[in-house]
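Residue numbers (my numbering), protein chains in the order written: chain Y, 1 to 410; chain L, 1 to 410; chain B, 1 to 410. Even glycine gets a Cβ: it sits at the ideal position worked out from N, Cα and C. Since we're looking at a predicted model, the values are computed, not measured.
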Amino acid sequence: MSSTTYIKELVATHRQGYALPRAFYHDRVLYEYELGKIWRNSWIFAGFTCQVQKSGDFFTFTIDTDAIVVIRDGEEQVRAFHNICTHRGTLLCQEDEGSMRAFVCPYHQWTFSLGGDLVSCIGMHEDIDKSELGLHTLHVEICEGLIFVSLSPSPPAFEPARELLTPMAKAQKFEEAKVACIIDYEILANWKVVWENNRECYHCNVNHPQYIKSNFDIYEGNNVSTRIQERLQKSLARSEVAWDFEGSTISHREGGLAAFPDADNDIWYSASRTVLSEGYESESMDGKRVAPLMGEYKNASVGVLRLRTLPNFWNHSSCDHAVTTRLLPAGLHLTKARVIWLVHEDAQVGTDYQLDKLTPFWQLTSEQDWELCERAQRGIHSTAYRPGPLSKIREYNLDAFIRWYIRQLV
Amino acid sequence: MSSTTYIKELVATHRQGYALPRAFYHDRVLYEYELGKIWRNSWIFAGFTCQVQKSGDFFTFTIDTDAIVVIRDGEEQVRAFHNICTHRGTLLCQEDEGSMRAFVCPYHQWTFSLGGDLVSCIGMHEDIDKSELGLHTLHVEICEGLIFVSLSPSPPAFEPARELLTPMAKAQKFEEAKVACIIDYEILANWKVVWENNRECYHCNVNHPQYIKSNFDIYEGNNVSTRIQERLQKSLARSEVAWDFEGSTISHREGGLAAFPDADNDIWYSASRTVLSEGYESESMDGKRVAPLMGEYKNASVGVLRLRTLPNFWNHSSCDHAVTTRLLPAGLHLTKARVIWLVHEDAQVGTDYQLDKLTPFWQLTSEQDWELCERAQRGIHSTAYRPGPLSKIREYNLDAFIRWYIRQLV
Amino acid sequence: MSSTTYIKELVATHRQGYALPRAFYHDRVLYEYELGKIWRNSWIFAGFTCQVQKSGDFFTFTIDTDAIVVIRDGEEQVRAFHNICTHRGTLLCQEDEGSMRAFVCPYHQWTFSLGGDLVSCIGMHEDIDKSELGLHTLHVEICEGLIFVSLSPSPPAFEPARELLTPMAKAQKFEEAKVACIIDYEILANWKVVWENNRECYHCNVNHPQYIKSNFDIYEGNNVSTRIQERLQKSLARSEVAWDFEGSTISHREGGLAAFPDADNDIWYSASRTVLSEGYESESMDGKRVAPLMGEYKNASVGVLRLRTLPNFWNHSSCDHAVTTRLLPAGLHLTKARVIWLVHEDAQVGTDYQLDKLTPFWQLTSEQDWELCERAQRGIHSTAYRPGPLSKIREYNLDAFIRWYIRQLV
């Protein structure tokens with residue numbers, strides 16, 4: 001049986017409107033297939049331009065076993081390469097991040113420019129054609145300070161994503177931000193389990209006591225009382241009066257989650273701006289600001305900018321800080337998550353912001369989610385697991401995620 | 001090649017009267033096949049009714065990756081369920097044991113009665129049929145306080161087992177016992193290696209210095225001197241004079257192990273009562289009693305009740321305490337063993353019994369066995385391993401185990 | 001597809017003069033195939049006769065999962081056996097090394113003579129044929145104190161290796177040495193990565209600052225200045241004047257590595273003697289002697305004897321000590337390396353030699369190599385890895401290794 005036929009038969013076991021069958025979380029053949037069809041074929045969020053400010057600055061990461069390095073080259077361009085030598089494959093940069101003048105392979109000192117050209121390979125015979133031995137280049141797109149890379153030789157069009165994301169993200173000015181904190185997690189769950197968790201707030205009420213106080217995500221469908229509707233309308237009215245930045249529209253004016261992804265139209269990117277609850281200026285533990293205003297914001301009343309791209313990125317940006325989650329598959333049952341906190345580039349730790357005020361809100365929320373993901377994964381291990389129905393009221397986005405996912409496979 | 005054909009070809013490599021070939025301990029396809037044909041098709045010993053005394057009391061365990069929960073429901077019935085939510089498969093109970101009023105899934109608060117019915121799933125759309133979304137139920141049989149479960153929709157008949165076990169086990173009154181101690185082990189060996197170890201006492205003489213002093217198991221076939229025969233006869237005579245409880249017969253009057261299993265008749269359950277050596281009232285380090293008398297016993301001279309069921313249970317019960325071993329496969333090369341010490345429910349630790357007197361005898365004996373099992377498994381890893389002949393005198397039960405096992409496969 | 005066809009198709013993906021494709025370092029089918037075609041079919045270096053000086057002395061090791069024991073028997077012969085009982089496969093000797101009077105299986109006390117004969121199996125039925133149940137014997141060859149074993153029933157001819165190695169190795173007198181130190185390593189790399197590292201000194205210049213001072217290995221092809229040539233000639237001239245031991249010829253009179261293996265003629269063994277740089281009497285940190293003279297040497301000016309056999313042995317012997325590396329595969333991505341330091345058998349630690357003078361030179365060099373190997377392996381994990389060209393000047397031996405390797409497979 002060809003692998004395509006095999007995948008089609010697997011997909012046929014899925015029942016519309018229900019969770020995915022067990023094999024989708026346990027089958028190694030499918031996992032390898034996903035790597036090819038999704039992870040090596042999409043735009044992958046890598047990090048922020050402010051992480052590679054100067055020529056030679058780099059950071060590294062790994063998609064399953066594919067080692068990647070993102071670097072700012074000698075012409076101020078952000079570039080991305082497979083982080084391996086073209087001689088015998090040795091890992092070039094071992095550090096998470098750093099700065100260098102050129103890529104020098106530690107094994108035999110093959111030397112590549114910051115633009116990936118092989119400039120020296122002393123010890124090789126003379127008729128070596130250096131021009132054929134440059135680093136393997138990845139496609140890169142920059143959008144409002146976000147760096148996306150693609151391992152595909154012919155990635156999908158990026159422009160539609162840019163057109164949607166740019167006006168929404170512009171005011172936050174990620175390119176004038178700096179990293180305040182990074183926390184890396186290993187989640188013992190398939191990457192899809194993590195997305196499924198992210199795509200519904202049905203679980204929030206009990207599991208995210210901090211988060212639900214600040215947001216209206218849980219108020220959808222039959223959940224919404226008149227009192228809540230009034231609270232939401234008041235927040236909307238109060239917020240918009242004060243807004244005067246580029247792209248200052250509340251795109252999502254209801255409770256609940258904005259619809260994403262749009263499986264039927266293969267749309268893998270989205271942005272929305274929502275209001276915060278009364279008393280909340282920022283997604284922090286007490287709702288107070290935890291850092292100086294970012295970007296074009298002139299006051300705190302800007303709600304929350306939310307960005308997402310599949311298969312690996314979401315972001316919540318308050319007036320004063322931005323929190324980003326980047327997912328990377330590290331095995332069939334292992335997902336690496338990096339959470340990045342950004343603040344204004346001029347903000348000084350200790351005086352302008354305190355880490356113990358900045359990070360707890362999303363650190364707690366993230367860790368609450370990872371625990372749920374691991375527990376879900378453990379249960380799905382059971383051979384008795386049968387996919388249950390998804391709530392049409394609270395899990396429409398999870399259903400959309402599954403439909404998007406299946407469209408990528410077939 | 002179909003998996004049935006594959007298994008048949010594997011079985012054909014086994015030579016009657018010899019140990020099993022290497023593939024039986026290393027082949028993942030076979031291991032998965034065993035899980036289906038044996039572990040998800042048999043009666044599995046789970047624990048004791050005294051572990052779930054009150055409504056809502058539960059304990060959990062895992063057969064390979066199948067999470068199970070045993071609980072006493074609102075009508076005082078012992079029930080067993082797959083320990084996963086019928087919504088998206090999340091593990092329901094994470095603890096080893098505890099007590100609850102209802103199953104509440106931590107993810108989205110779907111709530112199930114103690115009898116497994118879905119009673120609440122707020123947030124789901126209206127036309128959900130709750131009656132189809134109850135927990136996945138397992139068959140349960142209780143026999144003299146022992147709880148057996150089966151993952152099979154149509155498990156084998158339990159009544160023959162009950163008919164044999166009940167009269168033998170009755171006097172011990174497990175249902176009026178309590179747990180004094182539980183020790184959990186992870187044995188780096190295939191589950192069959194652990195059974196093979198259990199089914200012969202050929203290894204006892206050197207490896208179990210404590211055990212052999214108290215029992216006549218090692219005296220079989222050509223091993224038995226006249227002096228030993230006399231000792232055995234004396235113990236038999238002395239014991240029976242004093243016996244006056246229900247089922248008080250010595251069923252196994254010779255040295256050596258009682259025959260088990262009966263492969264030719266597919267009999268997977270057995271019980272016997274044996275005498276102890278002179279000076280032994282209990283299977284303890286010095287032979288003295290280590291707890292108050294259990295069940296219907298009026299004096300200590302009751303020998304040892306022994307129970308076994310395949311594929312995962314054996315028990316040695318003295319006049320004053322009962323020691324049970326429960327095996328569970330946790331991987332091709334990993335077996336989880338739980339050893340449970342029971343005493344009379346009224347016995348008080350510190351006054352009526354001391355753990356350091358109660359547990360050493362079987363803790364030592366068990367750990368001696370696990371070490372042998374791991375060493376056997378390591379050797380069988382060698383590609384040079386060829387199954388050797390089994391002793392007709394000392395390994396007849398091991399041979400019977402192998403024949404029973406193969407009958408389950410084909 | 002048969003496994004032979006599969007391997008042939010894999011081999012066809014290799015391009016002459018280039019590194020091996022990714023699958024050669026990641027494919028489990030190929031790894032198993034290598035175990036059969038190479039590791040269970042070749043002469044494997046096990047250790048030294050001086051490690052089993054007295055009758056009953058033994059040491060153990062494992063080739064993938066095959067447990068081996070080497071022992072000196074009652075007739076002073078060095079023997080090798082599969083380290084498993086012929087009854088039920090239990091590992092016989094669990095220790096790395098030791099001494100015993102007979103093999104006694106800990107499980108059921110089956111007892112084998114030091115020559116591997118089953119001498120006792122009390123408890124077995126009478127018609128057991130003990131002569132058929134001796135330990136599984138390996139072929140053994142001793143050559144100048146080096147012990148080689150083969151798991152093959154019909155190993156390749158050893159005599160050509162002996163003819164070449166004996167005259168070169170004789171003067172070192174390994175059989176009159178003793179072990180001064182053993183360090184065991186686990187390298188997270190396929191065994192071929194370790195050999196590829198060993199077969200070129202292209203990486204030495206930057207990575208082995210200690211090693212390159214003492215040797216002329218890096219001076220090959222376009223790398224060699226007139227000044228270096230003069231230094232080499234001076235060392236050659238100075239050395240040879242002083243040499244008066246058996247086999248005292250400098251076999252390798254150029255810079256760079258001696259050619260090995262000879263893939264076209266299936267030659268898996270080699271020996272050479274090279275000179276050391278001026279100021280170096282021994283491969284030590286400061287070039288000074290670190291132990292009393294070994295073997296037939298009458299002064300320190302003997303250069304370095306170098307021995308190698310595929311698939312698992314290399315040795316550098318100075319006038320005063322000998323350093324041996326033994327490789328063993330322990331998994332697709334795991335290689336065990338043992339480094340053994342020998343000195344004259346009469347040398348006393350503390351007075352005649354100090355471990356902190358003896359071991360650093362090769363301990364550092366080895367550990368530098370293992371780190372490079374692990375880094376190479378990590379990079380090769382990338383699906384973007386494409387084998388690069390091998391230097392005709394600096395990697396001719398690596399190319400020869402690959403050609404030798406492929407000849408073994410097909």
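- Between B/Glu175 and B/Leu310, the alpha-carbon positions lie close to 21 angstroms from each other.
- The C-alpha of L/Ile142 is placed about 17 angstroms away from the C-alpha of L/Leu342.
- For L/Val78 and L/Ile212, the gap between their C-alpha atoms comes out near 38 angstroms.
- For the stretch 21–67 of chain L, the continuous beta strand (DSSP E) assignments of 3+ residues that do not extend past its boundaries occur at 44–48 and 57–63, in sequence order.
- Close CB contacts of L/Ser99 within its chain, under the 6 angstroms cut and outside five residues either way in sequence, are with Gly56 and Asp57 (chain order).
- Counting C-beta pairs with one atom in each stretch, the stretch 125–144 of chain L and the stretch 201–208 of chain L have fewer than three that are closer than 8 angstroms, which means they do not touch.
- Non-local beta-carbon contacts of Y/Thr274 in its own chain, meaning distances under 6 angstroms to residues more than five positions away in sequence, involve His252, Gly303 and Val304 in chain order.
- Linking L/Phe24 to B/Glu34 through their CA atoms gives a straight-line distance of about 23 angstroms.
- At a cut-off of 8 angstroms between C-beta atoms, L/Gly89 counts as an interface residue with respect to chain Y.
- With three or more CB-CB distances shorter than 8 angstroms, the stretch 31–45 of chain Y counts as touching the stretch 150–157 of chain Y.
- For Y/Ile128, the nearest CB of chain B lies under 8 angstroms from its own CB, placing it at the interface with that chain.
- Within the stretch 307–370 of chain L, the complete beta strand (DSSP E) segments of 3 residues or longer fall at 313–317, 322–331 and 334–344, listed in chain order.
- Within the same chain, Gln408 and Leu409 come within 8 angstroms of Y/Lys37 by CB-CB distance, once the 5 residues on both sides are set aside.
- According to DSSP, L/Leu138 shares a beta bridge with L/Ala80.
- The alpha-carbon of L/Ala237 is positioned some 43 angstroms away from that of L/Val70.
- With respect to B/Leu364, B/Val290 sits apart: the two C-beta atoms are not nearer than 8 angstroms.
- Here L/Ser2 is exposed, its C-beta having fewer than 16 other C-beta atoms within 10 Å.
- Between the beta-carbon of Y/Tyr297 and that of Y/Gly287 there is about 16 angstroms, and that puts the pair past the 8 angstroms contact cut.
- The beta carbons of Y/Phe245 and Y/Ala400 sit about 30 angstroms from each other, so the pair does not count as a contact at 8 angstroms.
- By the Cβ test, the stretch 86–95 of chain Y is in contact with the stretch 385–397 of chain B, since at least three Cβ pairs between them sit closer than 8 angstroms.
- Looking only at B/His14, B/Leu328, B/Lys8 and B/Val29, the smallest Cα-Cα distance to B/Trp191 is reached by B/Leu328.
- A straight-line Cα-Cα distance of about 14 angstroms links B/Leu398 and B/Pro21.
- Taking 8 angstroms as the threshold, the shortest C-beta distance from L/Gly123 to chain Y falls below it.
- Straight-line measurement puts the Cα of B/Leu355 at about 28 angstroms from the Cα of B/Trp243.
- Y/Pro21 has a beta carbon lying at 8 angstroms or more from every beta carbon in chain L.
- Against chain Y, the beta carbon of B/Arg394 has neighbours under 7 angstroms at Gly123, listed in chain order.
- Y/Ala12: member of the alpha helix (DSSP H) spanning Ser3 to Ala12, first to last residue.
- Contact with chain Y is found for B/Gly388, since one of that chain's Cβ atoms lies less than 8 angstroms from the residue's Cβ.
- A straight-line Cα-Cα distance of about 33 angstroms links L/Ser239 and L/Asp264.
- At a Cβ-Cβ threshold of 8 angstroms, Y/Ile187 and Y/Glu374 count as neighbours.
- In the three-state DSSP reduction, B/Ala157 falls in the coil class, being neither helix nor strand.
- Nearest C-alpha to Y/Leu334 among Y/Asp64, Y/Asn197 and Y/Cys121: Y/Asp64.
- As a beta-bridge residue in DSSP terms, Y/Gly98 pairs with Y/Phe58.
- Taking the CA atoms as reference points, L/Arg15 sits about 16 angstroms from B/Glu132.
- In terms of CA proximity to B/Met294, B/His321 leads the group B/Ser366, B/His321 and B/Ile7.
- Straight-line measurement puts the Cα of L/Ile393 at about 15 angstroms from the Cα of L/Ala19.
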